[in-house]
Structures are given as C-alpha cells and as structure tokens.
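Each residue of the sequence shown is one higher than the one before, starting from 194 at the first, in my numbering.
Think of the CB as a built atom: it goes at the ideal place given N, C-alpha and C, for glycine as much as any other residue.
Just so you know, these numbers come straight off a predicted model, no measurement behind them.
The next block holds one structure in the form of structure tokens; read it before the comments.
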Amino acid sequence: MTATALPAHTLTGQQMHLLGHIAAESNLRTIAADPELTLERAEVDATVTELLTATGTRTAPQLVAWGTAHRLITDTAQPCVALCADIQLPRRLDLVLVGWVGGRTAPELAADFDVTAATVRGYGKDLRAWLGVRTQIQASIAAVLAGLVRLSDIDPTWPAEPLYHAAPRGQAA
C-alpha cells in the first residue's frame, strides 16, 4: 500500500491535543481539566469552533475524519468490525457515512434524502451497527482507516481515493 499525500496541516500542539480529546469523545469536564490545554470550561466551545475553522471542517465527525486522514488519529477508541472485515455497505448507509465525513448534519441529510430526521437517525443506527461502533465520531474514524470513504469526501480538494490505496492485484505496492 502507498501513502496518499495531503496538504500539510498547520495545527498547534494544543489544537492537536484537543483533536485527540474530540476523537476520544472526552466530556467538557475532562477537556477543561487537561493541564496541557489550560482551558476554562467556558472556553472549550469557542476553542473547538476555532479548531473547526482552522481545519476547514464543519462538524466533529468531519473533524476527526480530517484528523485521521492527516494521520493525527490512528485508531478508533474501541475495536470495531470495520477495521477487520471487508464491509460492503448498502447504498443509503454509504451515503450517510459520506455525509458524516463530509460535514453534513442530520437535518441536512434528511433534506438530501427527502426523509424525516427520525429516518436519518435510523440510518445512523444501522450504519453504526454495520461498522461495529457506537458513535458518529468512531464511525468517521473507522471509515477513513478502513478505506470506506475517499479523501475527497472529507475535503473536495483532496484526492478521490481512500487514505491508503493498494496497488492493483499482482503488483507490489
């Protein structure tokens, strides 16, 4: 397998540390108590917003997909099916996953699919079950690591290929 080159990130150490907390789904109290971040509870939301802006992402699932693509996040918090099985998602679930890593919110996906928010929540539940994860955050990380989404699904300016792409069968990577 060969690594795919992406534009370099310019995150500070503090921002990368905060990204790790978001990927681990730390709560507000844990983030505020982290001595490396030196944030007051009231500052956490604004700092997360600054991180979203710095990365050009809109949502936490897109942010962790971005961080995974940049190899700042290298594993899911818990083992999941997606990383050890060849998964072929049904089309609608694949579209939901692409939406999540692309920064689409549940109301936006409901409008995209012309369905109710409850239907989108059901798709999300089904998708998480297929991937063997509990949350959108973990689904986004697993999707990038397992090559279920293209890098261009996260950022349209990136290559339309998975994070790692294999050489054609019979050829060395």
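In its chain, beyond the 5 residues on either side, Leu211, His214, Leu230, Leu232, Val237 have a beta carbon closer than 8 angstroms to the beta carbon of isoleucine 224. Checking the DSSP bridge columns, you'll see tyrosine 316 has no partner listed.
Ranking Ala239, Pro254, Gly260 by CA distance to the CA of alanine 201 puts Gly260 first. Taking the C-beta atoms as reference points, isoleucine 347 is found nearer than 8 angstroms to valine 294. Using a 10 angstroms sphere on the CB of alanine 235, the tally of other CB atoms stays under 16, which defines it as exposed.
Note that the C-beta distance between glutamine 329 and glycine 315 is not below 8 angstroms. With respect to the 8 angstroms criterion, glutamine 208 and alanine 247 are classified as neighbours on the basis of their beta carbons. For the options Val313, Pro272, Glu301, Asp307, the alpha carbon positioned closest to that of isoleucine 334 is the one of Pro272. For a cut-off of 8 angstroms, the C-beta gap from alanine 339 to leucine 276 is around 6 angstroms, short enough to register as a contact.
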